[in-house]
Amino acid sequence: MRVGIEVGGTFTDLVAIEGGEVRVIKVPSTPRSPDIGAFNALTAAGIPAASVTDLVHGSTVATNAILERRGAPIAFVTTKGFRDILFMQRHDRRNIYDLHYAKPAPPVRRRDCFEVPERIAADGSVIAPLDEAAVRRELIPALAEGGFQAVALCLLSAYASPRHEARLKALIAEALPGLRIAASHEVAPEFREYERASTTALSAYVQPVIDGYLDRFEATLAKAGFAGHFSVMQSNGGRMPARAMRANAISALLSGPAAGVVGAIRQAARSGRGNLITFDMGGTSTDVALVQEGEASLAAETEVDGLPIRTPVLDIVTVGAGGGSLVWIDDGGMLRVGPRSAGAEPGPACYGRGGTQPTVTDAHVVRGTIRPDAFLGGGMSLDADAAHRAFEEIARRLGTDVRGAAAAAIRLAVANIVRAIQLVSTERGRDPRDYALLPFGGAGPLLAAEIAEELGIREILVPPNPGVISALGLLSADYVKIRGATRRVALDGETPGIIAAESARLRAATEAEFAALGLTGALEHSLELDMRFIGQAFEIPVAVDPAELPRLTTADLAERFAAAHRRVYLHGGEPGRKVELVGLRFGVRRRLDALPEVKERAAGLSRPPTTEVVTGGAALSTRLLDAATLTGVAGPAMIEGYSSTIWVPPGWSGARDGAGNLLLRKEG
1 MRVGIEVGGT FTDLVAIEGG EVRVIKVPST PRSPDIGAFN ALTAAGIPAA
51 SVTDLVHGST VATNAILERR GAPIAFVTTK GFRDILFMQR HDRRNIYDLH
101 YAKPAPPVRR RDCFEVPERI AADGSVIAPL DEAAVRRELI PALAEGGFQA
151 VALCLLSAYA SPRHEARLKA LIAEALPGLR IAASHEVAPE FREYERASTT
201 ALSAYVQPVI DGYLDRFEAT LAKAGFAGHF SVMQSNGGRM PARAMRANAI
251 SALLSGPAAG VVGAIRQAAR SGRGNLITFD MGGTSTDVAL VQEGEASLAA
301 ETEVDGLPIR TPVLDIVTVG AGGGSLVWID DGGMLRVGPR SAGAEPGPAC
351 YGRGGTQPTV TDAHVVRGTI RPDAFLGGGM SLDADAAHRA FEEIARRLGT
401 DVRGAAAAAI RLAVANIVRA IQLVSTERGR DPRDYALLPF GGAGPLLAAE
451 IAEELGIREI LVPPNPGVIS ALGLLSADYV KIRGATRRVA LDGETPGIIA
501 AESARLRAAT EAEFAALGLT GALEHSLELD MRFIGQAFEI PVAVDPAELP
551 RLTTADLAER FAAAHRRVYL HGGEPGRKVE LVGLRFGVRR RLDALPEVKE
601 RAAGLSRPPT TEVVTGGAAL STRLLDAATL TGVAGPAMIE GYSSTIWVPP
651 GWSGARDGAG NLLLRKEG
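When we follow UniProt numbering, the leftmost residue of the sequence shown carries the number 1, and every step to the right adds one.
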């Protein structure tokens, strides 16, 4: 029995596979204690914990701890003279016309930032040795008295030589054995001091939260008889055993969105599709990603609440346009959707749990693309009158009726998502018309056709059970570890040898970690180089097959960099301009067995042959179809399943293929 459980902002999803049997379930999330919602999903699915051999989990616990500032009290330790690095940040201004703009607050108070006498140069040489006497005399007593649960260490140039930082960690661990320690040379061993410091501080900030969450979850599982393998999804699209998360919690930051992309890629591959734009619309947000030839791009850095995090993540853009996103009017009288959300408590007004503000889900109920009696396969009845009441004030202020206000909210949600897709496609040098749109999440298939039409996309691939693809992605994920290193050298005859040596070092360290975690078997390797023209501020990723390293030449590197630069900037640079290597990331993967075919879960409800959907200002008679028995469709039609509803507007038609995916095409 293999089980994937993904905790979202509104619902917790479960997919269980045993032999050829697949079970799918959605239960309400429990934001205050996500582990309770996760265990509720097991109970609702009728799965005894003792029967589970492989449990994979993904959640937003780390992300929410940062967004809601519910992390642990931490200290920050750096080189003497650099105490304010987390507060000075970068010399940018996100909102240049905001007179009250303030930089994002770091997760540590200034009075909890400490300095130690030491200094290492950018080339790794020692300028001033670590003053161990000062550490014992001043720093350790301050840490002992501060009531901290964790400490972040980020000494200057520790990426070039970790000797001082490693020694400082050993001294603190010896004196304060109960204190969690996040060291930058282990968390983010790459250059750019502020980004490295921010990543390390946030890792320390969420580590006790993740530890506590995993402790509670594992204790509950153990009490129920679970004795299988427990893994946690990472932001890079791979899983790792849960105990590995206790060393670097920040790697699980975006585990839920990453799982969705992995699940979408695996399911699309069954239909022979590798060029995709994935579109995951859940309860609180929408996540989009571009997939090229079956691989999602990795980004070296991301942000949460304006704070940079330097860790490999799938290149996902998130916007606050989920089913629970609030619809509101700003001070200028403009209609807005998100980023605030009704979440799981109280949820949209139509949920009948006390919510009164209108949401995107309420707009669908008003428009008719969600039938109150068919939500979650009829397992949850919605209050249509409450949805209408929620939009009355919006309608009054816009000078329209409730249906017009709901339609405007949906058009605005579509516009927000289209912009997010442009960020991962057009602004990355990709034409979205060259890709199929793959929607998932509970709300994704409802808007897919409208989004595709805005972008000129003519094919939509809807997987079976689209509302739980993230949970399926957890089970589809391989074991993956990616290590990065900074090695800044001008491109010359020695560069290929430097790359080979650094790759060998990173490979040995990663494979040793796999062995320690009991991850045996055949391993695959990947390599990505960060390169740029000398003088450029930021680098471009260049993929290299590790098997090519023995015969890689300087000319090969220059040619590949020029091609990557041309794709992003539409030119390969000035002839003769010098190029430099900035860093590299080496990945190790242990693949798992392919999953059996997943079929659509039957909703198990009766429905009339037609319903009305408001579109273009008029009510349109629309056929109602069952997702579990569907073979073909021509719009207008609504296809109702257990986890999601698919809206097929006029001008679209399609059929299920041999993999169970519904392929929709724009007619004409």
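Note that CB positions come from ideal geometry on N, CA and C, so glycine has one too.
Predicted model only: the values in this text are computed from it and were never measured.
Item: Beta strand (DSSP E) runs contained entirely in the region 296 to 379, provided each spans 3 or more residues; Value: 302 to 304, 307 to 309, 316 to 319, 325 to 329 and 335 to 341
Item: Three-state secondary structure (DSSP) of V598; Value: coil
Item: Beta-bridge pairing of L14 - partner residues as DSSP gives them; Value: I5 and I25
Item: Simplified DSSP assignment, three categories, for K481; Value: strand
Item: Nearest-angstrom Cα separation, counted from R591 out to R507; Value: 17 Å
Item: C-beta contact flag for F217 and D35 at 7 Å; Value: yes
Item: From V480, F440, E453 and G377, residue whose alpha carbon lies closest to that of residue 695; Value: The structure shown does not extend to residue 695, since the chain spans only 1 to 668, so no value can be given for it.
Item: Outcome for S198 when other beta-carbon atoms lying within 10 angstroms are tallied against a minimum of 16; Value: buried
Item: Sufficient close CB pairs (3 or more, under 8 Å) joining the region 656 to 667 to the region 264 to 272; Value: yes
Item: A415 versus A515: straight-line alpha-carbon distance, rounded; Value: 48 Å
Item: Cut-off 6 Å between Cβ atoms - residues of its own chain near Q267, not counting five sequence neighbours on either side; Value: P463
Item: Local Cβ density within 10 Å of R93, reported as buried at 16 or more and exposed below that; Value: exposed
Item: Reference F375; option with closest CA among I329, L446 and R192; Value: L446
Item: Nearest to I316 (by Cα), restricted to the options E138, E345, D280 and Y351; Value: D280
Item: Residues near E293 by beta carbon distance below 6 Å, same chain, minus five either side; Value: G274
Item: Supposed close pair S476, F586 - CB separation, criterion 8 Å; Value: Actually they are not in contact, since the Cβ atoms of S476 and F586 sit about 23 Å apart, beyond 8 Å.
Item: Rounded separation between G441 and V360 - CA only; Value: 14 Å
Item: Top-ranked residue by Cα proximity to C113, from K599, E138 and R119; Value: E138
Item: Ranges of the beta strand (DSSP E) found wholly within the region 108 to 169, counting only runs of at least 3; Value: 113 to 116, 126 to 128 and 150 to 154
Item: Cβ-Cβ separation, A150 to A72 (assumed contact under 8 Å), whole Å; Value: 6 Å
Item: Beta-carbon proximity check, H57 vs V232, cutoff 7 Å; Value: yes
Item: Proximity below 7 Å, CB of A448 to CB of P439; Value: yes
Item: Short Cβ contact (7 Å threshold) for L86 with P117; Value: no
Item: Segment contact, 8 Å Cβ cut-off, at least three pairs: the region 141 to 150 with the region 68 to 82; Value: yes
Item: Cβ neighbour criterion (16 or more within 10 Å) applied to A289; Value: buried
Item: Contact belief for S653 with A634 at Cβ below 8 Å, rounded distance in angstroms; Value: 4 Å
Item: Cβ-heavy atom distance, P162 to the ligand SAM, below 6 Å; Value: For the ligand SAM, the structure offers nothing, since it holds no ligand at all.
Item: M629, buried or exposed, once every other Cβ within 10 Å from all chains shown has been counted against 16; Value: Correcting the residue identity first, residue 629 is Thr in this sequence and not Met. So T629 counts as exposed.
Item: Cβ contact check for the region 527 to 541 and the region 598 to 617: 3 or more pairs under 8 Å; Value: no
Item: Selected residue, minimal CA-CA separation from D54, among F39, L155, L130 and H229; Value: H229
Item: Runs of alpha helix (DSSP H) wholly within the region 162 to 243 (minimum 4 residues, chain order); Value: 163 to 175, 184 to 187 and 193 to 223
Item: Three-way DSSP call (helix, strand, coil) for T78 in this model; Value: strand
Item: Coil, strand or helix - G283 by DSSP; Value: coil
Item: Neighbour-count burial assignment, K481, 16 or more Cβ in a 10 Å radius; Value: buried
Item: Sequence-distant residues of the same chain with beta carbon closer than 8 Å to L179, five excluded per side; Value: L143, F148, Q149, A150, V151, I172 and A173
Item: Distance CB(I469)-CB(A321) smaller than 7 Å; Value: no
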